[in-house]
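Novice: Below is one structure. I have some questions about it.
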């Protein structure tokens with residue numbers, strides 16, 4: 001299965017909002033989505049200077 005970059009974001013949103021479980025994603029997407037979510041946790045969007 002070819003991993004599409006836009007689907008990583010889609011699956012990440014679903015996992016983050018408890019609509020899908022990471023373990024239930026297609027196998028090819030589990031690691032990329034986990035990495036994407038990890039980078040989102042490290043760099044919060046609402047950082048104020």
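Residue numbers (full-length UniProt numbering): 1 to 49.
The beta-carbon is built from N, C-alpha and C at its ideal position, and this holds for glycine as well.
(1) Give me the Cα-Cα distance between residue 9 and residue 24, rounded to the nearest whole angstrom.
(2) Considering only their Cβ atoms, is the gap separating residue 6 from residue 33 smaller than 8 Å?
(3) Please work out which residues of its chain come closer than 8 Å, Cβ to Cβ, to residue 15, disregarding the five sequence neighbours upstream and downstream, and give them in chain order.
(4) Return helix, strand or coil for residue 16, following the three-state DSSP convention.
Specialist: Here's the rundown:
(1) 16 Å
(2) With a cutoff of 8 Å on beta-carbon distance, residue 33 and residue 6 are scored as not near each other.
(3) 21, 22, 25, 33 and 37
(4) helix
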